[in-house]
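Numbering (our numbering), first residue to last: 40 to 294.
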């Protein structure tokens, strides 16, 4: 009996030690990941601060024409910081970016668009522009405001249109189409209901998460996505560097 009790106690001790060891490993990994994340943030901050005038002059020679449409995704909590959003738009305007889509999941920016237009005197809503914004050089900044709800409504409208068209063909004597829904069908439906929208060449994500945060996926099939970190730490140098790197890369779309 004593031997069994001793073995039982030893087993519990080994299990406790193993559990404690796993906790230590987990905490150690968390510390490493957290430290690496903060080091990268600090590194980016120092990099943007210490960009010399010579480098900035190089960045000023941007082939900005390659960036026809830019999307900026901002985490909804940070989107309330209107002064930073305005500064970001002014920076973009100063380097010649004229077509911008502003997105956050909860529609904070869309609710504040009147305020933004009052401050950005040179900006116009995409609804005011009749021509294709990606194929002209406007003398103003064109702004589009999108939220997560817009994407859900767009899909619902497109799906309803596809269903109605399919049902009409069945109603006039044709067979109900059971074929798999293709991307081309959805794209055509989105175009008809007016929810297709320009496809951004570059998407900048401001927030703690490396995600497009629900930006309509059918609009970013060939979009280059760059995580910029928190809006609280946005820097002009980092913005210019992201745009510069995009314009220096040759982009092949499709085959």
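Backbone N, C-alpha and C define an ideal beta-carbon position, used for all residues, glycine too.
Quick one: what does DSSP say residue 164 is sitting in, helix, strand or coil? The count along the chain shown starts at 1 and reaches residue 164 at position 125. Of the three classes helix, strand and coil, the one that applies to residue 164 here is strand, per DSSP.
Would you please state the rounded distance, in angstroms, between the beta carbons of residue 275 and residue 101? I believe it to be under 8 Å. One-based indexing of the chain shown puts residue 275 at position 236. One-based indexing of the chain shown puts residue 101 at position 62. Residue 275 to residue 101, Cβ: 13 Å. No contact.
Which partner residues of residue 141 appear in the DSSP bridge assignment? Position 102 of the chain shown, counted from the first residue, corresponds to residue 141. Per DSSP, 111, 184.
Return the first residue and the last residue of the alpha helix (DSSP H) that residue 124 is part of. Your numbering for residue 124 matches position 85 in the chain shown. Unbroken alpha helix (DSSP H) run through residue 124: 121–133.
Is the stretch 62–72 touching the stretch 102–112, taking contact as three or more C-beta pairs under 8 Å? no
Those residues which DSSP pairs with residue 270 across a bridge: As a first step, residue 270 is located in the chain shown; it is residue number 231 there, counting from the start. DSSP output for residue 270 lists no bridge partner at all.
Which word fits residue 167, buried or exposed, when buried means at least 16 other C-beta atoms lie within 10 angstroms of its C-beta? As a working note, residue 167 is residue 128 in the chain shown. Residue 167 should be labelled exposed.
Kindly identify the DSSP beta-bridge partner or partners of residue 117. As a first step, residue 117 must be located in the chain shown, where it is residue number 78. Per DSSP, none; premise fails for residue 117.
Quick check on this structure: which residue in 53, 185, 181, 128 has the alpha carbon closest to the alpha carbon of residue 146? For the purposes of this step, residue 146 is taken as the residue at position 107 of the chain shown. Ranking 53, 185, 181, 128 by Cα distance to residue 146 puts 185 first.
Identified DSSP bridge partners for residue 148: Taking the first residue of the chain shown as 1, we reach residue 148 at position 109. In the DSSP output, where bridge partners are listed per residue, residue 148 has none listed.
Determine the extent of the beta strand (DSSP E) in which residue 242 is found, giving its start and end residues. Residue numbering aside, residue 242 sits at position 203 when the chain shown is read from its first letter. 241–245 is the extent of the beta strand (DSSP E) around residue 242.
For residue 103, name the three-state secondary structure that DSSP assigns. Locating residue 103 in the chain shown gives position 64, where the first residue counts as 1. Helix.
For residue 48, which of helix, strand or coil comes out of DSSP? On the chain shown, position 9 is the one that residue 48 refers to. Correct three-state label for residue 48: helix.
Cβ-Cβ separation, residue 114 to residue 278 (assumed contact under 8 Å), whole Å: Mapped onto the chain shown, residue 278 falls at position 239. Mapped onto the chain shown, residue 114 falls at position 75. Between residue 114 and residue 278 the Cβ distance is about 17 Å, and since that is not below 8 Å, they are no contact.
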